[in-house]
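Shown next, in C-alpha cells, is the structure this report addresses.
Protein chains in written order, with our numbering: chain A, 169 to 484; chain B, 2 to 243.
This is how it looks when you write it as C-alpha cells:
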C-alpha cells in the first residue's frame, strides 16, 4: 500500500467543494421534502434547465454572468411555482404516488426537451470563479492559493463563499419573513397551518420556488467541474445529493448541507484517495457512485431519520 | 380586560351533512350558537362531535349551510373561513411541534395586518406565564397542559369572532382541566367571545355553557339550556355518571 499523504489535502479540498455542491442540491430536495414528505426527482433536471438558462443568457446573449445567474434563479423559481400550481396541487397531498410519478415524468420530459434544443454535447459555460479577480493581491497563482503544500483552488473558495451566502439568505427568508414562518408552519403541521389561515398551496409554491433557485445555483457551480453544461449533467449529482440528504436527514435543512459535504468528503477521501492507496490507481466514477448507494442503504438500515433528522417525538 | 378585541357573532348551522369517503358521519344537524354565548356539544365516542367542528371549517366533505353572523361560509375553504374569524383548536392541540412557542403565537396572527400583534403576544404571555417562560422552546417539548394553553392562545391570536374547542380536557390532569375551563369562562365573560365546545367531560362543559346539544350517531337527539340538560335524567345517566 502506498499512503500518499502529500496529496491528501488536495482530495479534501476537492471533496469539500464537490460536497458543497451536493449540499446545495440536497437542500433543494429537502426544502420540498420537508413541506410535502415527497422526493422531487425532477430537482436535478430543473437545475440543469437553470444552468442552460445561464448558458443562453450569458454565453449567447452576452449578459453579465452574475446577472444571468440571478435571472436564471428567478426564472427557475417561477417555473417551480408553475409546476407546483399546475402539476402537483390538483392531487391529494396525502397520496404521494401520483406526485412522485409526475416528478419522474418531469425528469424525463425536461431531459428530452433540453436534449432536443441543445443536443447532448457538452457546452462550455464560463466559470464564475475561474480566475481571482484583479483586486485580489497575488497569492501564488491566478487560480489557486498554496495551503498545506496543496493547491486550494479559487473555484473551491468561491463555491464555499457562495453557498454560505445563499444559506445565510435562506435563513433570513425562513426565520425573519412571514412567508418563511408560514413555510415552517406548513412543514410542521399542514392541517394546523390551514387552521391559522395559511393557504398551504401557495406556501408549497414558495418552497418549490426557493428549491428550484437553489438547484440552479448548484448546477451553475458544478458545471465547470464537468467541463460545461449538458442535459445529463445532473443525473449523478442528483444521486449524490440524495445520498447527502438521506445521510443528513431528509427533513433537516442544515443536515442536508452537512450530509452533502460529508458525501463529497467520503467520495474524495475514502473512495478516491483510499482507492489509490489500496489499488494503486484511480477507480473514480464507478466506485463513487457505488459509495453513494452504499451510504443511502446504510443510513436507511441503521438510522432512517438520518444524522440530523427528527424522528417525530412529542409529549402529549 | 379586552372588550373591544373580539367581535361577537353567532353561528347558525342548518342540515349539516358530512362524510369521510363513503361513510356518512353527520346526518343533517341543525344548531345555533348565540352571539356571546357558549354552546356545548355532548356525545359518546364516534357520535360525530369532532366531525361537526371539522365540518364547520370545511375540513371534510360537507353539505348544508353554515352561517357566521350574516355570512354563509359553507362553501369557503378552510384558510378563508379562518380569515372570516373562526378559530379552531383541534383535538390533540394541533400546535406546531418544530416551531418555538413564540413562533406558534406569531403564526396564529398570520391573517392579521395590524400593528398590535406584539401587544397580543404580551397579553397571552401575561395570562399564561408558563408560555412566556418557555417562549424560545420548541412547542413539541411542552407538557400536555402547556400545549393546550398554547393551542388556545394561538387560536386567539387571530382575534376570532368564534372559537371552536375540540375536547380541550383530553389527556389533562383534573387540576389543569379546572384551571383551563376557568380561563375559558373568564374569556367569554370578559370579552364576549362566542364559543362552541365539544367535550366528553359533560359536568365541566355544562357548567361553562349556556346551551347544550346531545349528538348520537350523527344526529342531534336532545338540546336545551345547560341547566335543563344537567337535570335531564337521560343526560345524567349517559353523560354525567349519575
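Beta carbons: idealized from backbone N, C-alpha and C, even for Gly.
*Tell me, please, whether the CB atom of residue 96 (chain B) is closer than 8 Å to any CB atom in chain A?*
yes
*What are the complete alpha helix (DSSP H) segments, minimum 4 residues, inside the region 84-152 of chain B?*
102-109, 118-128, 130-134
_What would DSSP say about residue 380 (chain A), mapped onto helix, strand or coil?_
helix
_Please give me, in chain order, every unbroken run of the alpha helix (DSSP H) with length at least 4 that falls completely inside the region 404-484 of chain A._
421-433, 442-447, 452-470
*So, is residue 147 (chain B) buried or exposed, given that buried needs 16 or more other C-beta atoms within 10 angstroms?*
buried
*Can you list, in chain order, the residues of the region 250-262 of chain A whose Cβ is nearer than 7 Å to any Cβ on chain B?*
none
*Got a sec? Which residues, its chain only, sit under 7 Å from residue 352 (chain A) by beta carbon, not counting five neighbours each side?*
342
*Beta bridge counterpart(s) of residue 213 (chain B) as assigned by DSSP*: B:41, B:225
*When Cβ atoms are compared, which residues of the region 313-333 of chain A fall closer than 9 Å to chain B?*
none
*Compare the beta carbon distance of residue 327 (chain A) and residue 185 (chain A) with 8 Å and say whether it is the shorter of the two.*
yes
_Using 8 Å for Cβ pairs, my map puts residue 140 (chain B) next to residue 102 (chain B). What's the rounded Cβ distance?_
6 Å
*Ends of the beta strand (DSSP E) at residue 1 (chain B)?*
Only positions 2 to 243 of chain B appear in the structure, and residue 1 (chain B) is not among them; the question remains open.
*asked:* Runs of 4 residues minimum, wholly inside the region 22-83 of chain B: which ones carry the alpha helix (DSSP H) assignment?
replied: 50-57
*the region 201-218 of chain A contacting the region 273-283 of chain A, beta-carbon criterion three pairs below 8 Å*: yes
*If you compare alpha carbons, which of A:268, A:245, A:244 is closest to residue 255 (chain A)?*
A:268
*asked:* Please list the terminal residues of the continuous alpha helix (DSSP H) segment that includes residue 253 (chain A).
replied: Unbroken run through residue 253 (chain A): none, as it is neither H nor E.
*Mind checking residue 339 (chain A): buried by the 16 CB within 10 Å criterion, or exposed?*
exposed
*Report yes or no: is there a C-beta of chain B within less than 8 Å of the C-beta of residue 360 (chain A)?*
yes
*Hey, would you say residue 414 (chain A) sits closer than 8 Å to residue 245 (chain A), going by beta carbons?*
no
*Using alpha carbons as the reference points, say which of B:182, B:160, B:23, B:15 lies closest to residue 169 (chain B).*
B:182
*asked:* Assuming residue 179 (chain B) is part of the alpha helix (DSSP H), what are its boundary residues?
replied: 175-192
*DSSP three-state call for residue 329 (chain A): helix, strand or coil?*
helix
*Tell me where the beta strand (DSSP E) around residue 321 (chain A) begins and ends.*
318-321
_What does the Cβ neighbour count give for residue 218 (chain B), buried or exposed, with the cut at 16 atoms within 10 Å?_
exposed
*In chain B, which residues lie with their C-beta within 7 Å of the C-beta of residue 373 (chain A)?*
In chain order: nothing, as chain B lies at least about 14 Å away.
*Please confirm if residue 207 (chain B) has its CB atom under 8 Å from at least one CB of chain A.*
no
*Limits of the alpha helix (DSSP H) - the one that residue 315 (chain A) falls within*: It is not in any alpha helix (DSSP H) - residue 315 (chain A) instead sits in the beta strand (DSSP E) that spans 312-315.
*Does the count of Cβ pairs from the region 364-378 of chain A and the region 216-231 of chain A closer than 8 Å reach three?*
no
_So residue 348 (chain A) contacts chain B; which residues on that side make the cut at Cβ distance below 8 Å?_
The contacting residues do not exist; residue 348 (chain A) stays about 10 Å from chain B at best.
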